[in-house]
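**Student:** In the working numbering, the protein residues as written are -6 to 333.
From the three backbone atoms N, C-alpha and C, an ideal C-beta is built for every residue, glycine too.
The structure follows.
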Ligand SMILES: [Zn+2]
Ligand SMILES: [Zn+2]
């Protein structure tokens, strides 16, 4: 009996330590000490480059990341969903369910059957690996765009995705402010894209070729996560304008996506690549100076930061869309215009 209790305690402790290490140390985690430091350092360098007077690091830290962005009511809801999404609603099983290797194998066999060629080309291993990395990255970005666009256009899906948009302050925790159904659909769609990409690249270059990766994640994606994505959920206005703003989505692009101003609705659905937004008419290039955006969702009839508002109301409202009476809280779908 005592031995069983000790075993359970030891296993529980080992699980908790493993999880903490995965979240805090794995290089591709948005809450890893490495990425948080990189986020802070880039924001500081950006403000100094633009001539902001920095009296002390403490003042700068408070200016960039005010305390209420981590302790306010909206932030407390971010913490809650961050813990629940790591402990309870993990998305790992989606990958198992989809079995990416099997999916990739099916795509490869299909291509081989259609073309009569089992391996399309032989190139230097490093070039094959680089192209495989690029293809997997582009496939992920396209799936990200489609998933995100659908969640803003289809009322049933919007109710789940809305949880992410009810954040009124932005911090890296908002990456995890996501209803579990939103997270599962995202994992399924990006997983399908990853499997298809794997099938095409193994058909092209052979089954032994894998993407370059860091901590199990695509090298290109992790690089952009450090340089751009980690800053998208902050209040640091770092815009890519002009031609660059039509190719890559800056932190400011995503902040516009979170804006509560109806003029900013239906814009900047991509993760890093702006080309899909540009191609499909949803790109809004940010201005050089901050328009001082307000974040959140307008005209809510429930408390978006309560446990019920985060987890139960979205299910109720989504199911309401299936019946004859709609909830009336439809997704914000107004057209994008040129500039913030
Ligand atoms: Zn969105
Ligand atoms: Zn976001």
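In whole angstroms, what separates the C-alpha of residue 286 from that of residue 181?
**Tutor:** Looking at the two C-alpha atoms, the distance is approximately 32 Å.
**Student:** Mapping DSSP to helix, strand and coil, what is residue 288?
**Tutor:** Residue 288 falls in the strand class under three-state DSSP.
**Student:** Report the option in 11, 138, 263 and 137 whose CA atom is closest to the CA atom of residue 80.
**Tutor:** Closest option to residue 80, Cα to Cα, is 11.
**Student:** Buried or exposed: where does residue 327 fall if 16 or more other Cβ atoms within 10 Å of its Cβ makes it buried?
**Tutor:** Legend: pLDDT at residue 327 = 44, less than 50; position of this residue unreliable, value from coordinates given subsequently. Exposed, because fewer than 16 other Cβ atoms sit within 10 Å of the Cβ of residue 327.
**Student:** Taking the continuous alpha helix (DSSP H) assigned at residue 64, which residues delimit it?
**Tutor:** That run of the alpha helix (DSSP H) goes 61 to 64.
**Student:** If the criterion is Cβ atoms closer than 8 Å, does the pair residue 138 and residue 233 meet it?
**Tutor:** Not in contact: residue 138 and residue 233 (Cβ atoms no closer than 8 Å).
**Student:** Does the Cβ of residue 251 lie closer than 7 Å to at least one heavy atom of ligand 2?
**Tutor:** Yes, since a heavy atom of ligand 2 falls inside the 7 Å radius drawn around the Cβ of residue 251.
**Student:** For the alpha helix (DSSP H) containing residue 0, list its first residue and its last residue.
**Tutor:** Segment -5 to 17, the alpha helix (DSSP H) holding residue 0.
**Student:** Mind checking whether residue 166 and residue 75 have CB atoms under 8 Å apart?
**Tutor:** Going by C-beta atoms, residue 166 is nearer than 8 Å to residue 75.
**Student:** Classify residue 213 as helix, strand or coil using the three-state DSSP reduction.
**Tutor:** It is helical.
**Student:** How is residue 76 classed by DSSP in three states: helix, strand or coil?
**Tutor:** Reduced to three states, the DSSP call for residue 76 is helix.
**Student:** Looking only at its chain, what residues have a beta carbon closer than 7 Å to the beta carbon of residue 87, apart from the 5 residues adjacent to it on each side?
**Tutor:** Once the five neighbours on either side are set aside, the close Cβ partners of residue 87 are 177, 180, 181 and 184.
**Student:** Residue 77 to residue 109, Cα distance in whole Å?
**Tutor:** For residue 77 and residue 109, the distance between alpha carbons rounds to 48 Å.
**Student:** Extract the residue ranges of the alpha helix (DSSP H) inside the segment 84 to 146, only unbroken runs of 4 or more that lie entirely within it.
**Tutor:** With a minimum length of 4 residues, the continuous alpha helix (DSSP H) runs that stay inside the segment 84 to 146 are 85 to 91, 93 to 108 and 118 to 146.
**Student:** I need the straight-line Cα distance from residue 227 to residue 58, nearest angstrom please.
**Tutor:** Computed Cα separation, rounded: 8 Å.
**Student:** Residues in the same chain with beta-carbon distance under 6 Å from residue 27, minus the five sequence neighbours each way, listed in chain order, please.
**Tutor:** Around residue 27: 20.
**Student:** Let me check you understand the geometry: is the CB of residue 172 closer than 7 Å to at least one non-hydrogen atom of ligand 1?
**Tutor:** Outside the cutoff, so no.
**Student:** Helix, strand or coil for residue 241, going by three-state DSSP, please let me know.
**Tutor:** Here residue 241 sits in strand by DSSP.
**Student:** Pick helix, strand or coil for residue 222, following the three-state DSSP scheme.
**Tutor:** In this structure, residue 222 counts as helix in the three-state DSSP scheme.
**Student:** Excluding the 5 residues preceding and the 5 following residue 156 in the sequence, name in chain order all residues of the same chain whose CB lies nearer than 7 Å to its CB.
**Tutor:** Counting only Cβ-Cβ distances below 7 Å, and skipping sequence neighbours, we find 170, 171, 172, 175, 303 and 307.
**Student:** Is there at least one non-hydrogen atom of ligand 2 closer than 7 Å to the beta-carbon of residue 226?
**Tutor:** True, at least one ligand heavy atom lies under 7 Å from that Cβ.
**Student:** Assuming residue 191 is part of the alpha helix (DSSP H), what are its boundary residues?
**Tutor:** Residues 173 to 198.
**Student:** With a Cβ-Cβ cutoff of 8 Å, do residue 204 and residue 212 count as a contact?
**Tutor:** Taking 8 Å as the Cβ cut-off, residue 204 and residue 212 qualify as a contacting pair.
**Student:** Cα separation between residue 38 and residue 208?
**Tutor:** C-alpha separation (whole angstroms): 26 Å.
**Student:** Going by beta carbon distance, what residues of the same chain come within less than 6 Å of residue 100, once the five residues before and after it are set aside?
**Tutor:** The residues are 189 and 192.
**Student:** So is the beta-carbon of residue 246 under 7 Å away from any non-hydrogen atom of ligand 2?
**Tutor:** Checking the Cβ of residue 246 against ligand 2 gives no.
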